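Q: Protein chains in written order, with my numbering: chain Z, 1 to 393; chain C, 1001 to 1204.
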Amino acid sequence: MGTDMAAQRTARTNDEADHPSSPVLQFGPDKPLKLEAGTLLSPFQIAYQTYGSLNDARSNAILVCHALTGDQHVANTNPVTGKPGWWEVLIGPGKIIDANRFFVICANVIGGCLGSTGPASTNPATGKPYGLDLPIITIRDMVRAQAMLVDHFGIEKLFCVLGGSMGGMQVLEWAASYPERVFCALPIATGARHSSQNIAFHEVGRQAVMADPDWHGGKYLEFGKRPEKGLAVARMAAHITYLSEAALHRKFGRNLQDREALTFGFDADFQIESYLRHQGMTFVDRFDANSYLYLTRAMDYFDLAADHGGRLADAFAGTRTRFCLVSFTSDWLFPTEESRSIVHALNAAGASVSFVEIETDRGHDAFLLDEPELFAAINGFIASAARARGLSL
Amino acid sequence: MSVNRAQRVDLEVVTDLIPAKSRVLDVGSGDGVLLELLQETKQVDGRGLELSQRGVNECVARGLSVIQGDADTDLKFYADKGFDFVVLSQTLQATRNPKVVLDELLRIGNRAIVSFPNFGHWRVRFSLLIKGRMPVTKDLPYSWYDTPNIHFCTIRDFVNLCEELGATVEKATALDANGQKIGLSMPWWFWNFFGQQAVFLLKR
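(1) Going by DSSP, name the residue or residues bridged to residue 1228(C).
(2) What span of residues does the beta strand (DSSP E) with residue 1050(C) cover, start to end?
(3) So what does residue 129(Z) bridge to, in DSSP terms?
(4) Please report the distance separating the alpha-carbon of residue 325(Z) from that of residue 36(Z).
(5) Tell me residue 325(Z)'s beta-bridge partners as DSSP assigns them.
(6) Name, going along the chain, the residues of the stretch 1052-1075 of chain C whose beta-carbon falls closer than 7 Å to a beta-carbon of chain Z.
(7) Taking C-beta pairs closer than 7 Å, name the residues in chain Z that residue 1079(C) reaches, listed in chain order.
(8) Tell me the rounded alpha-carbon separation between residue 279(Z) and residue 367(Z).
(9) State the CB to CB distance for the pair residue 1055(C) and residue 1026(C), rounded to an integer number of angstroms; the pair is presumed to be in contact (CB under 8 Å).
(10) Going along the chain, which residues of its own chain have a beta-carbon closer than 7 Å to the beta-carbon of residue 154(Z), five neighbours each way excluded?
(11) Out of 1170(C), 1171(C), 1188(C) and 1194(C), point me to the one whose CA is closest to residue 1180(C)'s CA.
(12) For a cutoff of 7 Å on Cβ pairs, would you count residue 1046(C) as touching chain Z?
(13) Nearest to residue 149(Z) by CA position, among 189(Z), 72(Z) and 131(Z), is which residue?
(14) Excluding the 5 residues flanking residue 110(Z) on each side, which residues of the same chain have their C-beta closer than 8 Å to its C-beta?
(15) Are residue 221(Z) and residue 129(Z) close, meaning C-beta to C-beta below 7 Å?
(16) Report the neighbours of residue 1082(C) on chain Z: residues whose CB is nearer than 7 Å to its CB, in chain order.
(17) Which residues in the same chain as residue 182(Z) place their Cβ atom closer than 6 Å to its Cβ, once the five residues preceding and following it in sequence are excluded?
(18) List the residues of chain C whose Cβ lies closer than 8 Å to the Cβ of residue 377(Z), in chain order.
(19) What residues in the stretch 353-384 of chain Z have a beta carbon less than 8 Å from any beta carbon of chain C?
(20) Taking buried to mean at least 16 other C-beta atoms within 10 Å of its own C-beta, is residue 1075(C) buried or exposed?
(21) When the Cα atoms are used, what is the spatial distance from residue 114(Z) to residue 1045(C)?
(22) State the Cα-Cα distance for the pair residue 1153(C) and residue 1197(C), rounded to the nearest angstrom.
(23) Cα separation between residue 178(Z) and residue 1017(C)?
(24) What's the C-alpha gap between residue 273(Z) and residue 1059(C)?
(25) How about residue 1172(C) and residue 1200(C): do their beta carbons lie closer than 7 Å?
(26) Here's the rule: buried if 16 or more other CB atoms are within 10 angstroms of the residue's CB, otherwise exposed. What is residue 304(Z)?
(27) For residue 182(Z), would you say it is in contact with chain C, using Cβ-to-Cβ distances shorter than 7 Å as the test?
(28) Could you tell me whether the Cβ of residue 1(Z) comes closer than 7 Å to any Cβ of chain C?
(29) Below 7 Å on C-beta distance, what does residue 89(Z) contact in chain C?
Written out as structure tokens, the structure reads:
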């Protein structure tokens, strides 16, 4: 790919931070976001997309929560990459989450870089990008901001909140913080807390970013630079955790990249090396490095049980929300046991819960892919919840 | 599924025992046939626990609230008296520790409903007595070496276990080989000899 195109995309990412190409909702000084870190974020903005239309009873709204490097463009062509929306296999007119039937909302998280207030946004106090001056953002902060967006639409109760990975954490937080506002919840490939191993991988990524001289203590945008090498390494390491050994072996084995024999050097001899380098390179074109630091931190800090006196069941005490959890057999980032412990907590809380483990070798990323069993489970769960909610077909 | 229903007369008996709108936990829900029947006919608030992932996925795809889990190890995660009824249908004999499982059912449900194949049925006795072979019948189709049923009991054995656990039998039904209910006036030995399946409603 041409360097010019990449530079163009980079410029567009920077621009999207303040002036997203999606709708954006601004909250003035009268509506600050109270952060868990103890400070107020104000003013701030949320960039979002919607699909379909809200019914008269305002009862058909589905909130989609995106993962670490996702964005609000869940079911439309991404303005930065030009690729299809990240969950278009599942969401859209005539799809399983049918935009002809439901009002689908997806917002860029606070701390993100595609239009919701994040480290790449301009700090109104200085006129420069926030950089590390932005307070630490938590999953609960993201959810609180989303609730303000949902208020804006006049929606009292969401029909469904769904998402995978970091999106799943937001789903759990929604169900715990606003049980009366969530009719059904669908957390996929996620956990109620980030494990030590997951924190470890995130720390490797953050250190890679911060070790890049172009990071400039987080002020790289002021220098007209970006820590591309560091962020690419972070993405390469993280990407491995999204796959599985079996899938890597199936796809790449020890195959060589465009060559007949080993070169006895440090070029990308192997296909897997070339693939990872490509993943790293394309990622830095579309994502802000500081945003990556903030969002990985938000996941690390997430511990829903700790927020409720150490007992996860207490996070869901008395809940009437219907839950469906999904895990994948080859996901080693959020293994099935993580979902199972949430299921046990929900059982102890007497909640209505379904739990499906799907057999696949595609690892954590399976939730973004065309997995027929995943779709069958989501379809069955949504359909029966819609009947219970009185939403006609 | 209609085939299943025809074969499983005990499901109809179980359904008759459950009042409308009850909260029901179905332990060993299989492909969800009982839960679906209960939801259709009794509008229950139903949940399921099923060992096989295939069964669970099928249930969830059909809109039933079912989780993957093992009756032997996962019942402890349920709250005391969290359900009006806990149903264990044709599963007791496949558990590793039927006594503990039954104890858990009585803890979780205000009432427990247990159905099981009666190992005291005359065909079973006949097979052992005359043929000297482990019985393989329509209801018990497995050979001894590949059967999931590791803890068979007779109706009398079960009644003894209930006494041991301090459970009261509120209602008991035995079904003969044709799925017909055996008359209430008949004595226990008659049930134990001619009942091919039994359904118990228990309370503690």
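Think of the CB as a built atom: it goes at the ideal place given N, C-alpha and C, for glycine as much as any other residue. Given the structure is predicted, the values throughout are model-derived calculations rather than measurements.
A: With the given structure in hand:
(1) In the structure displayed, chain C extends from 1001 to 1204; residue 1228(C) sits before or after that span and is not available.
(2) 1045-1050 is the span of the beta strand (DSSP E), which, as asked, contains residue 1050(C).
(3) For residue 129(Z), which the question treats as bridged, DSSP gives the partners 122(Z).
(4) Using only the alpha carbons, I get a separation of about 27 Å.
(5) Per DSSP, the beta-bridge partners of residue 325(Z) are 355(Z).
(6) For the stretch 1052-1075 of chain C, which is checked against every Cβ of chain Z, the residues closer than 7 Å are 1053, 1056, 1057, 1060, 1061, 1062, 1063, 1065, 1066, 1067 and 1068.
(7) Listed along the chain, the chain Z residues whose CB falls inside 7 Å of the CB of residue 1079(C) are 348 and 350.
(8) Using only the alpha carbons, I get a separation of about 18 Å.
(9) At roughly 11 Å, the Cβ-Cβ gap does not stay under 8 Å, so residue 1055(C) and residue 1026(C) are not in contact.
(10) If you ignore the 5 residues before and after residue 154(Z), its C-beta comes within less than 7 Å of the C-beta of 58, all in its own chain and listed in chain order.
(11) Out of 1170(C), 1171(C), 1188(C) and 1194(C), 1194(C) has the C-alpha closest to the C-alpha of residue 1180(C).
(12) Not one beta carbon of chain Z lies nearer than 7 Å to the beta carbon of residue 1046(C).
(13) That would be 72(Z), whose Cα lies nearest to the Cα of residue 149(Z).
(14) So the qualifying residues of the chain are 33, 41, 44, 46, 116, 117, 118, 137, 141, 142 and 145.
(15) One thing to note: residue 221(Z) has its Cβ within 7 Å of the Cβ of residue 129(Z).
(16) Those within 7 Å of residue 1082(C) in chain Z are 350.
(17) Same-chain partners within the cutoff: 158, 161, 174, 175 and 321.
(18) Within 8 Å Cβ-Cβ: 1057, 1060 and 1061.
(19) For the stretch 353-384 of chain Z, which is checked against every Cβ of chain C, the residues closer than 8 Å are 353, 354, 355, 356, 357, 358, 359, 373, 376, 377, 379, 380, 381, 383 and 384.
(20) Buried: at least 16 other Cβ atoms inside 10 Å.
(21) When rounded, the distance between both Cα atoms is 43 Å.
(22) If you take the alpha carbons of residue 1153(C) and residue 1197(C), they lie about 11 Å apart.
(23) Going by the C-alpha atoms only, they are around 37 Å apart.
(24) Those two C-alpha atoms are separated by around 42 Å.
(25) Taking a C-beta distance under 7 Å as the contact criterion, residue 1172(C) and residue 1200(C) qualify as a contact pair.
(26) By the neighbour-count rule (16 or more Cβ atoms within 10 Å), residue 304(Z) is buried.
(27) Using a CB distance cut-off of 7 Å, residue 182(Z) does not count as an interface residue toward chain C.
(28) Below a pLDDT of 50, predicted positions are generally treated as unreliable, and residue 1(Z), at 45, falls in that range; the measurement from the model is reported next regardless. Judged by the 7 Å Cβ criterion, residue 1(Z) is not in contact with chain C.
(29) Contact note: residue 89(Z) does not reach chain C at a C-beta cutoff of 7 Å; the least C-beta distance is about 17 Å.
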